[in-house]
Amino acid sequence: MEKEARLFLEPLYPYITPNKLEIKLIQSKPLRRLKHLAHFGAGSFVSPVVHSRFEHTLGVWKLTALYFPEDIELRVAALLHDIGHLPFSHAVEKTLEFNHHQLTEQYILEDEVSSILEQYNINPNRMIEILNEPSVITGKEGILGIDHLDSFFRDTYMAGMIETLPKHLLHKIRCTPKGIDTDIETGHYLLQLILADHKLFLSPYMVAVDRLLAESIKLHWSVDSVNKSEFARLTDSVVVSMLKTSPSAEAKKLINTLIFEPNKIRINDINSGNGYEISVRKVYSKVPLYQGKPLTEHSNEARNIMKELHDLSFNSEVIIVSE
Numbered sequence: 001m002e003k004e005a006r007l008f009l010e011p012l013y014p015y016i017t018p019n020k021l022e023i024k025l026i027q028s029k030p031l032r033r034l035k036h037l038a039h040f041g042a043g044s045f046v047s048p049v050v051h052s053r054f055e056h057t058l059g060v061w062k063l064t065a066l067y068f069p070e071d072i073e074l075r076v077a078a079l080l081h082d083i084g085h086l087p088f089s090h091a092v093e094k095t096l097e098f099n100h101h102q103l104t105e106q107y108i109l110e111d112e113v114s115s116i117l118e119q120y121n122i123n124p125n126r127m128i129e130i131l132n133e134p135s136v137i138t139g140k141e142g143i144l145g146i147d148h149l150d151s152f153f154r155d156t157y158m159a160g161m162i163e164t165l166p167k168h169l170l171h172k173i174r175c176t177p178k179g180i181d182t183d184i185e186t187g188h189y190l191l192q193l194i195l196a197d198h199k200l201f202l203s204p205y206m207v208a209v210d211r212l213l214a215e216s217i218k219l220h221w222s223v224d225s226v227n228k229s230e231f232a233r234l235t236d237s238v239v240v241s242m243l244k245t246s247p248s249a250e251a252k253k254l255i256n257t258l259i260f261e262p263n264k265i266r267i268n269d270i271n272s273g274n275g276y277e278i279s280v281r282k283v284y285s286k287v288p289l290y291q292g293k294p295l296t297e298h299s300n301e302a303r304n305i306m307k308e309l310h311d312l313s314f315n316s317e318v319i320i321v322s323e
């Protein structure tokens, strides 16, 4: 195996041989930066789900290459789809008013990535078009796509919730122009993984740690001038170092609690006004197809799982206690 190809190894799917363009992209700084961004946000401080945005990107690329081996544009789009993510991924994006899709476009148009694409006769703007329209990567019309399929597989694998490795299921899964299509039994299993992942990352505790991280960053910004566009390009470790030495005592308290004393984090069901309000954020409620139609049109079990998913909700408060 070529030394460069080893960069494409990960545990969930069969090995796919990258082409020269894909190797050059994976060696670029915007792609390498993803190795230093936690896919699970601040949840990586307090859970076993510690894989990076890089492993997720490889997973999306592998699935895309498996189902569409000759579609070079789609394979490249899979590699580029997450390069605009902030430190700790989604954990701070909404609170700090960023849009990682816009940042992804910026990275694609900048010289390092665009010059690689143009060297292989791929128009950078075409990549942006693919990423901005519904596709098999995102899934169309409420159907599960490749991007979220990998997220649900990878999160539940890392959390020890998965019973069957994805590589042993792929022969039962295909990808249509709308998204993932499978048999009823496998479809139910995928929906159970989706529900399990949501119950984990949308639990009050996981939402709370993301909120505390975002608040730590906001407190730091309030006393120390920060260029937001430069912040968006940092890695997790740089942000942690910045917060641990912040002029804001409260910012330092929050980050040190997350790293060293998460046992002091408490969730109040009633908002007392003494902490930070938290509530369920976005639910990813796309479903697989069965014989070309949403699984929920065929199965009461699928409908019940989706109802349980949509019923996940809370309005609570997170506080830090002294022990």
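Position 155 of the sequence shown, counted from 1, bears residue number 155 in our numbering, the numbering being contiguous throughout. Even glycine gets a Cβ: it sits at the ideal position worked out from N, Cα and C.
In DSSP terms, what residue i is bridged to
i      : result
Arg174 : Asp181
Arg266 : Ile319
Val287 : Ile143
Ile255 : According to DSSP, which records beta bridges pairwise, Ile255 is partnered with nothing at all.
Tyr276 : Val318
Same chain only: Cβ atoms within 8 Å of residue i, ignoring 5 sequence neighbours per side
i      : result
Asn271 : Glu277, Asn315, Ser316 and Glu317
Asp71  : Thr64
Val50  : Ala38, Phe40, Ser44 and Met158
His198 : Val283, Tyr284, Leu309 and Leu312
Phe68  : Leu74, Arg75, Val136 and Cys175
Ser299 : Ile184, Gly187, His188 and Tyr290
Asp224 : Ser246, Pro247 and Ser248
Thr17  : Ala5
Glu118 : Pro124
Pro334 : The displayed coordinates of the chain run from 1 to 323. Any statement about residue 334 would go beyond what the structure contains.
Ser322 : Lys264
Where residue i sits in the DSSP three-state scheme
i      : result
Asp197 : helix
Ser28  : coil
Lys293 : strand
Ser299 : coil
Glu10  : coil
Lys3   : coil
Val209 : helix
Gly84  : coil
Arg233 : coil
Lys94  : coil
Lys282 : coil
Asn247 : Here residue 247 turns out to be Pro, not Asn, going by the sequence shown. Reduced to three states, the DSSP call for Pro247 is coil.
Glu261 : coil
Val238 : helix
Pro204 : helix
Leu312 : coil
Ile217 : helix
Thr17  : coil
Val226 : coil
Asn271 : coil
Sequence-distant residues of its chain with Cβ nearer than 7 Å to residue i (five each side left out)
i      : result
Leu149 : Leu63 and Ile180
Lys24  : Ile116
Leu86  : Val92, Glu93, Phe98, His100 and Ala232
Ser89  : Leu37, Ala38, His39, Gly41 and Arg53
Beta-carbon contacts of residue i that lie in its chain and below 6 Å, excluding the five residues immediately before and after
i      : result
Ser114 : Pro124
Pro288 : Leu144, Ile180, Thr182, Gly187, Leu190 and Leu295
Met1   : At Met1 the pLDDT is 48, less than 50, meaning the model places this residue with poor confidence and gives no usable figure here.
Ile194 : Phe152
Val196 : Looking at the sequence shown, residue 196 is not Val but Ala. Correct list, in chain order: Thr156 and Met161.
Asp269 : Ser316
Lys3   : none
Gly84  : His100, Leu103, Thr104 and Tyr107
Interface flag, residue i vs chain C, CB-CB below 9 Å
i     : result
Lys29 : Protein chain content of the structure displayed is limited to a single chain, and chain C is not contained in it.
- prompt: Which ranges would you report for the alpha helix (DSSP H) in the segment 38-81 if only whole runs of at least 4 residues count?
  reply: 43-46, 53-67 and 72-80
query: Below 8 Å, can you find three or more Cβ-Cβ pairs linking the segment 204-215 to the segment 51-62?
result: no
field: alpha helix (DSSP H) runs contained entirely in the segment 97-176, provided each spans 4 or more residues
entry: Counting whole runs of 4 or more residues, the segment 97-176 contains the alpha helix (DSSP H) stretches 100-109, 111-119, 124-132 and 146-158.
- prompt: Looking at C-beta atoms only, is the number of pairs between the segment 148-166 and the segment 303-315 that lie closer than 8 Å three or more?
  reply: no
task: For the segment 166-176 and the segment 278-285, state whether three or more C-beta atom pairs, one from each stretch, are separated by less than 8 Å.
output: Using a C-beta cut-off of 8 Å, the segment 166-176 makes no contact with the segment 278-285, since fewer than three inter-stretch Cβ pairs fall below that distance.
query: Between the segment 131-144 and the segment 86-94, do three or more beta carbon pairs fall short of 8 Å?
result: no
Meets three-Cβ-pair contact criterion under 8 Å: the segment 98-105 and the segment 70-89: yes
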